[in-house]
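K.L.:
As you go down the protein sequences, you meet chains D and G in turn.
For the first sequence, position 24 matches number 24 in the numbering used here, and the numbering has no gaps at all.
For the second sequence, position 49 matches number 49 in the numbering used here, and the numbering has no gaps at all.
Where is the CB? At the ideal position from N, CA and C, for every residue including glycine.
2 protein chains.
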Amino acid sequence: MQTVDEILKIKNVKNTAVRTVVLRHLLSQEKAQSLKDIENALIYTDRSSIFRTLKTFEENKIIHSIEDGSGMIKYAVCAEGCNCDPKDLHYHFYCNNCNKTFCLFDVPFQNIELPENFKIQQANMVVKGLCNNCNK
Amino acid sequence: MQTVDEILKIKNVKNTAVRTVVLRHLLSQEKAQSLKDIENALIYTDRSSIFRTLKTFEENKIIHSIEDGSGMIKYAVCAEGCNCDPKDLHYHFYCNNCNKTFCLFDVPFQNIELPENFKIQQANMVVKGLCNNCNK
DNA sequence: CTTGTGGTGCAACTCGATTGCAAAGATTAT
DNA sequence: ATAATCTTTGCAATCGAGTTGCACCACAAG
Numbered sequence: 001m002q003t004v005d006e007i008l009k010i011k012n013v014k015n016t017a018v019r020t021v022v023l024r025h026l027l028s029q030e031k032a033q034s035l036k037d038i039e040n041a042l043i044y045t046d047r048s049s050i051f052r053t054l055k056t057f058e059e060n061k062i063i064h065s066i067e068d069g070s071g072m073i074k075y076a077v078c079a080e081g082c083n084c085d086p087k088d089l090h091y092h093f094y095c096n097n098c099n100k101t102f103c104l105f106d107v108p109f110q111n112i113e114l115p116e117n118f119k120i121q122q123a124n125m126v127v128k129g130l131c132n133n134c135n136k
Numbered sequence: 001m002q003t004v005d006e007i008l009k010i011k012n013v014k015n016t017a018v019r020t021v022v023l024r025h026l027l028s029q030e031k032a033q034s035l036k037d038i039e040n041a042l043i044y045t046d047r048s049s050i051f052r053t054l055k056t057f058e059e060n061k062i063i064h065s066i067e068d069g070s071g072m073i074k075y076a077v078c079a080e081g082c083n084c085d086p087k088d089l090h091y092h093f094y095c096n097n098c099n100k101t102f103c104l105f106d107v108p109f110q111n112i113e114l115p116e117n118f119k120i121q122q123a124n125m126v127v128k129g130l131c132n133n134c135n136k
């Protein structure tokens, strides 16, 4: 696992106090985090700063965003070497019971045959159901 | 193509003025509609009435909702015989240029191998890119 | 006719997301 | 080192899609 400093350096994003704590928090979580989640975890950091930090991270492909249908956009750290290209896509799983969102890096991704002249640029794939913790 | 009256009857939803115009509008569109889209199209019908109509339609599986990442939930009429089960899932395509959302009924749907103990209930699959009109 | 049920329109509210602005911090040029 | 410049941050205000409360209306049941 890369450190916060390494990631910021590789992605050419300047290291600041807010960026460090936000990225550290994201790395420490197994599930994707919403702005609200992060805000609650980092009580000394302003919401708008976190918001802009997330935008910066997303632009620089440090994190990717997931719309899981909870109404809040979730963010998760990209895998090493990810460029957020179609080839880097992976499924997400949203638990209807505990409302957590997971990145399913290990589930193989189907090559989708789009109709004539449609061109894929990104995708947002969310499977919903019960996670292993809640499916009991 | 089923008529508005037929659909409402089959799904056991009472026919009202608002329901008729909303469903007729949805059927007349090739792309999924947001609440705002419908509101703009049906200028004499109140937003909250459309909103509640859409909820009613969704509960009764007349339409399904799509979170395409535009920030607005889109709605599209279900295919005939759809029960909104996992087996009825289909991909959606969101055009980054014209912001339209399409149902890709003809693109085969992969059977997703979830990790141990994860259970699928629904899914929201959105491929983003350029549609045939914008990819020129 | 009276009562009840559900649908509709209006207005107000919620809440996550976003922006404007000024202060603080970092960087570069002088 | 100091001044000028650019970036980041915190605060407050705003935006906008979604949602709700309430009164009114239409239609159905008793």
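1) Name the DSSP beta bridge partners of G/V126, please?
2) Helix, strand or coil: which one does DSSP assign to D/E39?
3) On a CA-only basis, which of G/N99, G/C95, G/L8, G/N83 is nearest G/L130? Give me that one, please.
4) Counting contacts by CB-CB distance shorter than 7 angstroms, is D/I66 in contact with chain G?
5) Could you check where the alpha helix (DSSP H) with D/E58 kicks off and where it finishes?
6) Report the residue from D/E67, D/K136, D/L26 whose alpha carbon sits nearest the alpha carbon of D/A79.
7) So, G/C103 versus G/A123, is the Cβ gap smaller than 7 angstroms?
8) Going by Cα to Cα distance, which pick from D/N117, D/K87, D/L23, D/C134 is closest to D/N111?
9) Please list the terminal residues of the continuous beta strand (DSSP E) segment that includes G/K74.
10) How many Å lie between G/I62 and G/L8 at the Cα?
11) What is the rounded straight-line gap between the Cα of D/M72 and the Cα of D/D85?
12) Return the residue from the list D/L89, D/Q2, D/N12 that minimises the CA-CA distance to D/F57.
13) Taking C-beta pairs closer than 7 angstroms, name the residues in chain D that G/V126 reaches, listed in chain order.
14) Is there a Cβ of chain D sitting closer than 7 angstroms to that of G/L130, yes or no?
15) Beta-carbon within less than 6 angstroms of D/R47's beta-carbon, same chain only, minus the 5 sequence neighbours each way: which residues are those?
16) In chain G, what lies closer than 7 angstroms to D/Q110 by C-beta?
17) DSSP state of D/K11, grouped into three classes?
18) In chain D, what lies closer than 8 angstroms to G/E113 by C-beta?
19) Please list the terminal residues of the continuous beta strand (DSSP E) segment that includes D/T16.
20) Which term fits G/Y44, buried or exposed, when burial requires 16 or more other beta carbons within 10 angstroms of its beta carbon?
21) In whole angstroms, give me the CA-to-CA distance for D/L54 and G/E67.
22) Using a Cβ-Cβ cut-off of 7 angstroms, state whether D/I120 counts as contacting chain G.
23) Assuming G/T101 contacts G/K119 (C-beta within less than 8 angstroms), just tell me the rounded distance between them.
24) Below 7 angstroms CB to CB, which residues in the same chain sit around D/N15 once its five sequence neighbours on both sides are set aside?
25) Suppose the cutoff is 8 angstroms on Cβ atoms and the five residues either side in sequence are ignored; what does the same chain contact list for G/I50 look like?
26) Note down the Cα distance separating G/P115 from D/V107, rounded to an integer number of angstroms.
P.N.:
Concretely, from the data shown:
1) Assignment of beta-bridge partners to G/V126 by DSSP yields D/N124, G/H92.
2) helix
3) G/C95
4) no
5) 47–59
6) D/L26
7) The Cβ atoms of G/C103 and G/A123 lie no closer than 7 angstroms to each other.
8) Nearest option by C-alpha distance: D/K87.
9) First-last of the beta strand (DSSP E) with G/K74: 73–77.
10) The alpha-carbon atoms of G/I62 and G/L8 are separated by roughly 8 angstroms.
11) 23 angstroms
12) D/N12
13) At a beta-carbon threshold of 7 angstroms, the residues of chain D lying near G/V126 are A123, N124, ordered along the chain.
14) G/L130 counts as touching chain D.
15) E39
16) Q110
17) coil
18) Those within 8 angstroms of G/E113 in chain D are V107, P108.
19) DSSP places D/T16 outside any beta strand (DSSP E), giving it a letter other than H or E.
20) exposed
21) Using only the alpha carbons, I get a separation of about 21 angstroms.
22) yes
23) Their Cβ separation, rounded to whole angstroms, is 27 angstroms, which puts G/T101 and G/K119 out of contact at 8 angstroms.
24) D5, L8
25) V18, V22, L35, I38, E39, L42
26) 8 angstroms
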